[in-house]
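Residue numbers (our numbering): 543 to 759.
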C-alpha cells in the first residue's frame, strides 16, 4: 500500500510504497562456546519456537556439539504445546507434565520414543524463569537427563482460561495447577536448581557450567 508523509519544514508530500510481510520473531539463539559445547538461549515458548529449536539443535550438531547448555534465564514461559513438543525431542518416553483441577481430575502430557539429543545437558535458570520454562526445567530434573543451574525459579504453575462476556469484557479463571513428572507443584515454589549459584554474569555462569560438565565426563 501507499503511505503519504508530509514534511512540515519543506511543505512537501512524499509518497512511499510499503510492502507488508509476515515477520517471524526469533525466540531461539545459538552459538558454539568452544570445543564440543553448544549454547542455546530460548527467550519464550511461542508457536515458532519448536521449529527454531529443532533447526538450532541440528545446526549445533553439524558444528560438532556433544554437550548442550540451554539458557532459560528471563524466559517468562509461553505455550504449553510448544514446550511439550520440545521436551518430546529431549526426553525418553514418559511423562512431561500433568495438570490437576480442584476435583483431582488429571490430564497428562507425555513424550514418545526418539530423542533428538541425548548428550550431556545443563539448563540455566533464574528468578524470572517461569511457567512453561519451569515445565522444561522440571521435566529435565525429574527425568535426570541434565543439571539445573542457577537460582530458584519464579513459581508460576497455574492454568488460566479467559472467557468473553456478552458485553465484550472478559473474566479470567484459574482452572488447574501444573505438576512436574514426580508430582511437584510448581506454583508458588518454582524449581530448585541442582546447583544453586548467586546472580552472576552470563560468561561466568557458562564458564561454571562447562567446568561442571567437564568434571562429569
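Ideal Cβ positions, reconstructed from N, Cα and C, are used throughout, including at glycine.
Contact between residue 609 and residue 662 holds, since their C-beta atoms are separated by about 4 Å, short of 8 Å. Straight-line spacing of the CA atoms in residue 643 and residue 612 works out to 31 Å. Annotation: residue 599 to residue 702 spans about 31 Å, alpha carbon to alpha carbon.
A Cβ-Cβ distance of about 13 Å is found for the pair residue 632 and residue 652, leaving them out of contact under the 8 Å criterion. Distance from the Cα of residue 646 is smallest, within the candidate group 734, 720, 549, for 720. Taking 8 Å as the cut-off, the beta carbon of residue 728 is found closer than this to the beta carbon of residue 722.
The C-beta separation of residue 705 from residue 699 comes to about 21 Å, leaving the pair out of contact by the 8 Å criterion. Assigned with DSSP and collapsed to three states, residue 628 falls in helix.
Under the rule that a run must span 4 or more residues, the alpha helix (DSSP H) segments found entirely inside the stretch 641-708 read 674-685. Cα atoms of residue 677 and residue 625: separation of roughly 8 Å, rounded to the nearest angstrom. With a beta-carbon spacing of about 5 Å, residue 620 and residue 674 fall inside the 8 Å limit used to define contacts.
Counting only residues of its own chain and dropping the five nearest sequence neighbours on each side, residue 543 has a CB closer than 6 Å to the CB of 560. One thing to note: residue 572 has its Cβ no nearer than 8 Å to the Cβ of residue 614. Per DSSP, the unbroken alpha helix (DSSP H) holding residue 596 starts and ends at 591-604. By the Cβ-count criterion, residue 548 is exposed, with fewer than 16 other Cβ atoms from all chains shown falling within 10 Å of its own Cβ. Looking at the DSSP output, residue 609 shares a beta bridge with 579, 662.
Shortest Cα-Cα distance from residue 565 to any of 596, 546, 590 involves 590.
Nearest C-alpha to residue 737 among 714, 731, 717, 691: 691. The beta carbon of residue 648 sits closer than 8 Å to those of 640, 641, 642, all from its chain and outside the five residues before and after it, given in chain order.
Sequence-distant Cβ neighbours of residue 581 in its own chain, meaning closer than 6 Å and more than five residues away, are 573, 575, 611. Residue state for residue 545 is assigned as strand, using DSSP reduced to three classes. Bridge partners of residue 714 according to DSSP: 704.
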